[in-house]
Structure formats: C-alpha cells, structure tokens
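Notes to accompany the following structure.
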Amino acid sequence: MGSDSVAQFSGPITAYMSGLPDVNLAYVRYFGKKHNAIQATFTSLNAQGFTATYATAQDAGLQVFIPWPQPPLTERGQIRPALEAMADEAQKALGMPSSLHGPPPIAALARAAAAEEAMGRTSIYDSADHLDKFEAADLFWQVTLLAGMWSTWFLTQPREMALAKAVQQMVPVPVIQWIWRMAVGLHVGEAVVACGICVRRGWYSTSTTAKWTFSTLLFGFASMKKLVSHGKQKNH
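Using the UniProt record's numbering, the first residue of the sequence shown is number 1, and each one after it goes up by one.
See the structure below:
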C-alpha cells in the first residue's frame, strides 16, 4: 500500500472540526447511518474517509468510519471541499440549520492553529509559502482605532469626569451607545468578511487566517486594507 498523502493533515483538520459539533453529528447520523447518535466528535481522517466517535443515549465512545464520496483523496486541497459538501448534504437531509454560513468558527480556528503550530506545518490547504503571511495594520491606525473604541465605550455610561461630562452634554449618552453598537457591529462584520476572503483565497494557513480575522475585528478597515492589498501580491 502506498503512502497516504492525506492522513498527514489529520491533526489540524481534526482540531478544526472539533469546534463544529453540529456538523460532526450530521455526518454520523446521515453518512454513518447512526440515527440514534446524540453527540459526535471528528477524530481522524485519511485518503479513504474519516473516523468519528459518537455517543447515544445508552452508550458512549462508539466509532464509525465514513468514506469520502469519491475516494481516495490524493491531495490536501480536496479535503475542505469534500467536508463542506458532505456537511451541506447531511444537514439539509436531516433538516438541520446549515453550519456553513454565519460568523467564522473562531474557537475552531484557534484549535486548528494550535495544532498546526505543534506540528510545525504551514497549512492544511494548497498554498504558496510566500503568500501565507499576515501583515499588521499600521501602528498609527492601531493606536487611533483602539483609543477611539475605548473612548466610545467609556462614554456609553454617565461619567463624573469633567471632560467626559462635557462630551456627554454635547452628545447624549443614548446616541453614544448607538454609535458604540454600530462600531462593534461594523468590526464584527468586517472580521467575518476578512475570514471569508482568507478561506476563499485558499493560500493562508489556519493560524494566518485567524490572525487576519482577529486583526480585522480589532482594527476594522485598517486591517482590511492590508488584506486587500496582500491579495494583489499573488499576481506579482
């Protein structure tokens, strides 16, 4: 039997999938045909398929092997599309809400990043090393935006400090609270978009994707500008 070129990526992907319990349960119930499963955990994968541990109301620690739709997989770039397609099919068939839409799975990204770092690997996807980079927002914007966000948050409640009271007399507290909620919403939205851009490009490691996502959550457009600019380097 030849070497399994997919199994070597089992660690980071398993760490990532551990943060998606609803997807794992859908895999086991639909593809594994374990309809009485109530909980499931992704445990490993290889070129032929993946293994999940599951529990029923009566037993725990049970295992099922789920083959890929078209085995064997021959390269790491095939893993994510296969998992996403299977998740979409299983959740639709079971009437479960889709886990492929909505905010990025931050906990899952963090687990996968830690696993990649421990393995000393660059990426679980096909990516060029020179493109798998993170660029921090300019220091000026980091300081300015953090100071602005902190000041806005500070003013969302009545304050006794003279300067704060003066500002709150000019701008009512309810208005400041609305501005704060809008700012937080925009930053969260930008972080979701940044994560989507990184995943769609396909050349960032999980740890780099997490850095871009967290940076955009904190610094908004200043980080997004860097991310957009970095994407143009692919053609250079």
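Every residue, glycine too, gets a C-beta built ideally from N, C-alpha and C. This one's a predicted model, so the numbers in the text were calculated from it and none came from an experiment.
A distance below 8 Å between beta-carbons, with the five flanking residues on each side excluded, links Lys133 to the following residues of its chain, in chain order: Thr208 and His230.
By the C-beta criterion, the stretch 32 to 41 is judged not to be in contact with the stretch 69 to 79, since fewer than 3 inter-stretch pairs fall below 8 Å. Classified as buried, Val28 has 16 or more neighbouring CB atoms from the shown chains inside 10 Å of its CB. In the DSSP annotation of this structure, Gln39 is not part of any alpha helix (DSSP H); the continuous beta strand (DSSP E) holding it starts and ends at Gln39 to Leu45. Each residue's CA atom was taken as its position, placing Asn46 and Pro21 some 20 Å apart. Residues Leu217 and Gly220 of the same chain have their beta carbon placed closer than 7 Å to that of His187, with the five preceding and five following residues left out of the count.
When DSSP states are grouped into helix, strand and coil, Tyr54 belongs to the strand group. Looking at Met17, Ala7 and Ser5, the one whose alpha-carbon comes closest to that of Thr206 is Met17.
Its Cα nearest to that of Val184, the residue Thr156 stands out among Ile66, Arg201, Ala162 and Thr156. About 5 Å separates the beta carbon of Gln91 from that of Ala26, a gap short enough to meet the 8 Å contact definition. Val228 carries a helical assignment under DSSP once its states are collapsed to helix, strand and coil. Within the same chain, Cβ atoms closer than 8 Å to the Cβ of Ala57 are found at Asn36 and Ile38, the five residues on either side in sequence being excluded.
Excluding five sequence positions before and after Lys211, the CB atoms of its chain that fall closer than 8 Å to its own CB belong to Phe134, given in chain order. Residue burial annotation: Phe65 is exposed, with fewer than 16 other C-beta atoms found within 10 angstroms of its C-beta. Ser44 is the residue among Ser44, Gly19 and Val23 whose C-alpha sits nearest the C-alpha of Ser10. DSSP, reduced to helix, strand and coil, places Gly196 within a helical segment of the structure shown. Out of Pro71, Ser99, Leu94 and Gln70, the CA that lies nearest to the CA of Glu84 is found in Ser99. Residue state for Gly77 is assigned as helix, using DSSP reduced to three classes.
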